[in-house]
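Here our numbering runs 1 ahead of the position in the sequence shown, where the first position is 1. Comments concern the structure below.
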Amino acid sequence: MQTKEIDATALETLLAAAVAAPSIHNTQPWRFGFDLGTRAVTVHADRSRTLALADPHGRALYLSAGSAVLNLRVAAAHLGWEPVPHLLPDPGDPELLATVQLTATRDPSPAHRALYPAVARRHSSRMPFTGRPVPEPVVADMTAAARAEGAHLYVPDILQTRRLLRVTSAAELRNATDEARTAESRAWVAPPGAGPYGIPLTAARPLDAAGRM
Numbered sequence: 002m003q004t005k006e007i008d009a010t011a012l013e014t015l016l017a018a019a020v021a022a023p024s025i026h027n028t029q030p031w032r033f034g035f036d037l038g039t040r041a042v043t044v045h046a047d048r049s050r051t052l053a054l055a056d057p058h059g060r061a062l063y064l065s066a067g068s069a070v071l072n073l074r075v076a077a078a079h080l081g082w083e084p085v086p087h088l089l090p091d092p093g094d095p096e097l098l099a100t101v102q103l104t105a106t107r108d109p110s111p112a113h114r115a116l117y118p119a120v121a122r123r124h125s126s127r128m129p130f131t132g133r134p135v136p137e138p139v140v141a142d143m144t145a146a147a148r149a150e151g152a153h154l155y156v157p158d159i160l161q162t163r164r165l166l167r168v169t170s171a172a173e174l175r176n177a178t179d180e181a182r183t184a185e186s187r188a189w190v191a192p193p194g195a196g197p198y199g200i201p202l203t204a205a206r207p208l209d210a211a212g213r214m
């Protein structure tokens, strides 16, 4: 698909993909803008959607915004543009997390274009883990995908995995006994039909070992 002009329809496609990205508690802590002159989409932090207790240092906010930027790049390639991202481009404006400039190209990234159908299919899975190891070909694919984005996927060994499980269990216990932290999380639980933000009410229900609520 090739789109020469960045019209309202193209912008809607770009932003629909961006907001489909995962974010902590589905808070969607971002704001988008568009500069027609430079053909750049801007991504700002929305501090009204931050979690002071669950994310005091903003790490999850940055991860959430990064996911939105990747989805935006995927949609841009789908539309026939070459997205050029700039992370934290303005030292004087730390709330400007990224810009994505849309440049003309005859050959948009095939890898990003291939990902576009997955944007709409992506969803959270809260099913219990089986304990089976991830197949090596899948690990290799994930490692290659991380490397393509300039990241490194670290795969812990069995001893490190057990240690992570112990630390995670201790952290969950601490969170469960922290009334303020619990209240903050509950404030983002959304009943059916409440809108696109927040944690679906069904996600807060306990699951048994078979994944039944």
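For each residue, glycine too, the CB sits at the ideal point set by N, CA and C.
Report the residue from the options whose alpha carbon sits nearest the alpha carbon of residue i.
i, options, result
"Arg107", "Arg123, Gly81, Pro90 and Leu88", "Gly81"
"Leu15", "Glu173, Ala191, Ile25 and Pro84", "Pro84"
"Pro197", "Ala121, Ala61, Pro86 and Ala21", "Ala21"
"Leu52", "Gly194, Arg182 and Ala195", "Arg182"
"Val42", "Pro23, Leu54, Val70 and Ala61", "Val70"
"Ile159", "Val135, Asn176, Ala145 and Ala191", "Val135"
"Ala77", "Pro201, Glu6 and Glu185", "Glu6"
"Ala188", "Ala177, Ile200 and Gly194", "Ile200"
"Pro143", "Tyr155, Pro57 and Arg60", "Looking at the sequence shown, residue 143 is not Pro but Met. Met143 has its Cα closest to that of Tyr155, out of Tyr155, Pro57 and Arg60."
"Ala11", "Ala61, Tyr63, Asn27 and Val75", "Val75"
Could you tell me how far apart the beta carbons of residue i and residue j are, in whole angstroms, since I believe they sit closer than 8 Å?
i, j, result
"Ser65", "Pro30", "6 Å"
"Val120", "Ala18", "5 Å"
I need the DSSP call for residue i, collapsed to helix, strand or coil.
i, result
"Met32", "Note that residue 32 corresponds to Arg in the displayed sequence, not to Met. Three-state DSSP puts Arg32 in a strand."
"Val139", "helix"
"Asp209", "Because Asp209 carries a pLDDT of 49, less than 50, the predicted location of this residue cannot be relied on, and no value is offered for it."
"Gln3", "Note that Gln3 scores 49 on pLDDT, short of 50, meaning its location in the model is unreliable; the coordinates nonetheless yield the value given after this. In this structure, Gln3 counts as coil in the three-state DSSP scheme."
"Glu96", "coil"
"Val44", "strand"
"Thr104", "strand"
"Val85", "strand"
"Val156", "coil"
"Ala195", "coil"
"Leu111", "Looking at the sequence shown, residue 111 is not Leu but Pro. DSSP places Pro111 in helix when its eight states are reduced to three."
"Thr134", "A quick correction: the sequence has Pro, not Thr, at residue 134. It is coil, neither helix nor strand."
"Pro201", "strand"
"Glu13", "helix"
"Met214", "The predicted position of Met214 is uncertain, since its pLDDT is 45 and thus under 50; a value taken from the coordinates is nonetheless stated next. If DSSP states are grouped into helix, strand and coil, Met214 belongs with coil."
Examine the ligand SAH and report whether any of its heavy atoms sits within less than 7 Å of the Cβ of residue i.
i, result
"Ala17", "Absence of the ligand SAH is noted for the structure shown, with no ligands found whatsoever."
Are the beta-carbon atoms belonging to residue i and residue j less than 8 Å from one another?
i, j, result
"Pro90", "Leu97", "yes"
"Ser186", "Ala55", "yes"
Is the number of C-beta pairs between the segment 31 to 44 and the segment 128 to 145 that are closer than 8 Å three or more?
no
Three or more C-beta pairs under 8 Å: does that hold for the segment 107 to 126 against the segment 40 to 56?
no
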